[in-house]
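Below is one structure, written out as C-alpha coordinates; comments come after it.
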Amino acid sequence: MRPPVVSVVAKSGTGKTTLLEKLIAELTARGYRVGALKHDAHRFEIDHEGKDSWRLTKAGAATTVVTSPQKSAMVRIHSDEVEPTLEETIDRYFNDVDILLTEGFKKSPLPKIEVHRREVRKDLLCRGELHDPALLAVASDEPLDLDVPLFDINDAAGLCDLIEERFLR
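Counting from 1, position 83 in the sequence shown corresponds to residue 630 in the numbering used here; the numbering is continuous, with no gaps.
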(Lines of atoms letter the chains of each structure in order from A and count residues from 1; the text may use other names and numbers.)
(Lines give C-alpha, C1' and ligand atoms only; values in the text may rest on other atoms or scores of the structure.)
Protein backbone atom coordinates (compact mmCIF):
# COMPACT_ATOMS: atom_id res chain seq x y z
CA MET A 1 0.00 0.00 0.00
CA ARG A 2 1.34 3.40 -0.99
CA PRO A 3 1.94 5.89 1.86
CA PRO A 4 0.59 9.43 1.76
CA VAL A 5 3.06 11.80 0.12
CA VAL A 6 3.68 15.51 0.73
CA SER A 7 6.23 17.42 -1.30
CA VAL A 8 8.18 20.45 -0.08
CA VAL A 9 8.82 22.80 -2.98
CA ALA A 10 10.58 26.14 -3.51
CA LYS A 11 13.29 27.85 -5.46
CA SER A 12 16.81 26.63 -4.72
CA GLY A 13 18.32 28.17 -1.59
CA THR A 14 14.98 28.89 0.06
CA GLY A 15 15.25 26.32 2.86
CA LYS A 16 13.49 23.18 1.62
CA THR A 17 15.99 20.80 3.17
CA THR A 18 16.05 22.70 6.47
CA LEU A 19 12.26 22.55 6.71
CA LEU A 20 12.24 18.86 5.75
CA GLU A 21 14.75 18.10 8.50
CA LYS A 22 12.43 19.73 11.03
CA LEU A 23 9.32 17.98 9.68
CA ILE A 24 11.04 14.58 9.71
CA ALA A 25 12.30 15.08 13.27
CA GLU A 26 8.86 16.23 14.48
CA LEU A 27 6.92 13.42 12.77
CA THR A 28 9.45 10.85 14.00
CA ALA A 29 9.11 12.19 17.55
CA ARG A 30 5.35 11.70 17.17
CA GLY A 31 5.95 8.03 16.43
CA TYR A 32 5.70 7.94 12.64
CA ARG A 33 8.06 6.13 10.30
CA VAL A 34 8.98 8.76 7.71
CA GLY A 35 10.47 8.27 4.26
CA ALA A 36 12.35 11.01 2.41
CA LEU A 37 12.82 11.33 -1.32
CA LYS A 38 14.85 14.13 -2.91
CA HIS A 39 14.59 14.97 -6.57
CA ASP A 40 17.83 16.05 -8.24
CA ALA A 41 17.55 17.45 -11.74
CA HIS A 42 21.31 17.04 -12.20
CA ARG A 43 23.63 14.07 -12.14
CA PHE A 44 24.63 13.24 -8.59
CA GLU A 45 27.08 10.83 -7.00
CA ILE A 46 26.68 9.10 -3.68
CA ASP A 47 29.66 6.89 -4.39
CA HIS A 48 33.11 8.36 -4.23
CA GLU A 49 35.93 7.49 -6.57
CA GLY A 50 38.08 4.69 -5.28
CA LYS A 51 35.52 3.31 -2.79
CA ASP A 52 34.52 -0.34 -3.27
CA SER A 53 30.93 0.45 -4.25
CA TRP A 54 32.13 3.00 -6.81
CA ARG A 55 34.57 0.44 -8.24
CA LEU A 56 31.82 -2.18 -8.58
CA THR A 57 29.48 0.24 -10.32
CA LYS A 58 32.29 1.53 -12.55
CA ALA A 59 33.06 -2.10 -13.49
CA GLY A 60 29.54 -2.40 -14.89
CA ALA A 61 27.23 -3.53 -12.09
CA ALA A 62 23.69 -2.36 -12.93
CA THR A 63 22.77 -2.34 -9.24
CA THR A 64 25.17 -2.05 -6.30
CA VAL A 65 23.97 -2.29 -2.70
CA VAL A 66 26.03 -1.56 0.38
CA THR A 67 24.50 -2.89 3.58
CA SER A 68 25.34 -2.88 7.27
CA PRO A 69 23.40 -3.44 10.51
CA GLN A 70 22.52 0.29 10.59
CA LYS A 71 21.61 1.08 6.96
CA SER A 72 21.62 0.12 3.32
CA ALA A 73 22.35 2.17 0.22
CA MET A 74 21.78 1.34 -3.41
CA VAL A 75 23.13 2.68 -6.66
CA ARG A 76 21.03 1.65 -9.65
CA ILE A 77 22.13 2.55 -13.17
CA HIS A 78 19.29 3.51 -15.52
CA SER A 79 20.44 1.80 -18.70
CA ASP A 80 18.21 3.98 -20.86
CA GLU A 81 19.08 7.11 -18.84
CA VAL A 82 15.38 7.66 -18.18
CA GLU A 83 14.42 8.56 -14.64
CA PRO A 84 11.82 6.20 -13.15
CA THR A 85 8.45 7.79 -12.58
CA LEU A 86 7.67 9.14 -9.16
CA GLU A 87 5.01 6.42 -8.76
CA GLU A 88 7.52 3.67 -9.62
CA THR A 89 10.02 5.04 -7.12
CA ILE A 90 7.42 5.28 -4.35
CA ASP A 91 6.09 1.77 -5.03
CA ARG A 92 9.57 0.26 -5.12
CA TYR A 93 11.17 1.89 -2.08
CA PHE A 94 8.62 3.35 0.32
CA ASN A 95 6.05 0.67 1.16
CA ASP A 96 7.23 0.43 4.79
CA VAL A 97 6.72 4.06 5.88
CA ASP A 98 3.74 5.90 7.35
CA ILE A 99 4.35 8.99 5.26
CA LEU A 100 6.75 10.05 2.53
CA LEU A 101 8.09 13.60 2.40
CA THR A 102 9.70 14.65 -0.85
CA GLU A 103 11.89 17.57 -1.79
CA GLY A 104 11.21 18.94 -5.22
CA PHE A 105 8.78 17.41 -7.70
CA LYS A 106 7.22 20.87 -8.07
CA LYS A 107 5.48 19.88 -11.32
CA SER A 108 3.88 16.76 -9.84
CA PRO A 109 0.26 16.50 -8.71
CA LEU A 110 1.43 15.77 -5.14
CA PRO A 111 0.11 17.81 -2.21
CA LYS A 112 2.70 20.52 -1.64
CA ILE A 113 4.05 22.77 1.07
CA GLU A 114 5.82 25.72 -0.52
CA VAL A 115 8.69 27.37 1.33
CA HIS A 116 8.88 31.11 0.77
CA ARG A 117 11.64 33.55 1.71
CA ARG A 118 11.18 37.17 0.76
CA GLU A 119 14.85 37.68 -0.19
CA VAL A 120 14.93 34.64 -2.50
CA ARG A 121 11.74 35.10 -4.51
CA LYS A 122 8.92 37.64 -4.28
CA ASP A 123 6.19 35.49 -5.82
CA LEU A 124 5.18 31.91 -5.07
CA LEU A 125 5.79 28.98 -7.42
CA CYS A 126 2.34 27.53 -6.76
CA ARG A 127 0.47 30.83 -6.72
CA GLY A 128 2.44 32.81 -9.27
CA GLU A 129 2.12 32.15 -13.00
CA LEU A 130 0.66 28.75 -12.24
CA HIS A 131 -2.15 28.12 -9.80
CA ASP A 132 -1.33 24.66 -8.43
CA PRO A 133 -4.48 23.15 -6.89
CA ALA A 134 -2.28 20.72 -4.93
CA LEU A 135 -0.82 23.49 -2.75
CA LEU A 136 -1.56 22.45 0.83
CA ALA A 137 0.17 25.23 2.76
CA VAL A 138 2.94 27.82 2.65
CA ALA A 139 5.79 28.22 5.15
CA SER A 140 6.98 31.81 4.91
CA ASP A 141 9.19 34.39 6.57
CA GLU A 142 6.67 37.16 5.78
CA PRO A 143 2.90 37.61 5.99
CA LEU A 144 1.04 36.68 2.79
CA ASP A 145 -2.61 36.80 1.77
CA LEU A 146 -3.34 33.25 0.56
CA ASP A 147 -6.15 30.79 -0.08
CA VAL A 148 -4.27 28.07 1.86
CA PRO A 149 -2.94 27.95 5.44
CA LEU A 150 0.14 30.09 6.08
CA PHE A 151 2.74 29.02 8.64
CA ASP A 152 5.87 30.66 9.96
CA ILE A 153 8.85 29.17 8.15
CA ASN A 154 10.06 27.68 11.48
CA ASP A 155 6.71 26.23 12.60
CA ALA A 156 7.39 22.55 11.96
CA ALA A 157 4.98 21.52 14.73
CA GLY A 158 2.11 23.45 13.16
CA LEU A 159 2.85 22.00 9.72
CA CYS A 160 3.01 18.51 11.23
CA ASP A 161 -0.38 19.09 12.89
CA LEU A 162 -1.76 19.86 9.42
CA ILE A 163 -0.05 16.82 7.88
CA GLU A 164 -1.36 14.56 10.66
CA GLU A 165 -4.90 15.91 10.32
CA ARG A 166 -4.97 15.60 6.52
CA PHE A 167 -3.00 12.39 5.93
CA LEU A 168 -2.32 10.33 9.04
CA ARG A 169 -5.60 10.07 10.96
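The beta-carbon is built from N, C-alpha and C at its ideal position, and this holds for glycine as well.
Since we're looking at a predicted model, the values are computed, not measured.
When only Cα atoms are considered, Met621 and Asp692 end up about 43 Å apart. By the Cβ-count criterion, Pro616 is exposed, with fewer than 16 other Cβ atoms from all chains shown falling within 10 Å of its own Cβ. DSSP places Leu570 inside the alpha helix (DSSP H), whose first and last residues are Lys563 to Ala576. No Cβ-Cβ contact shorter than 8 Å links Leu648 with Leu709. At a Cβ-Cβ threshold of 8 Å, Leu683 and Val555 do not count as neighbours. Here Ile637 is not near Leu706, since their CB atoms are 8 Å or more apart. Of the residues Gly562, Val629 and Ile646, the one whose Cα lies closest to the Cα of Arg577 is Ile646.
In the structure shown, Thr632 adopts coil according to DSSP, grouped into three states. Here His663 is buried: its Cβ has 16 or more other Cβ atoms, across all protein chains shown, within 10 Å. Between the C-alpha atoms of Leu715 and Arg580 there is a straight-line separation of about 11 Å. Note on geometry: alpha-carbon atoms of Ser600 and Pro696 lie some 45 Å from one another. Closest in alpha carbon position to Pro658, among His586, Glu711 and Ala681, is Ala681.
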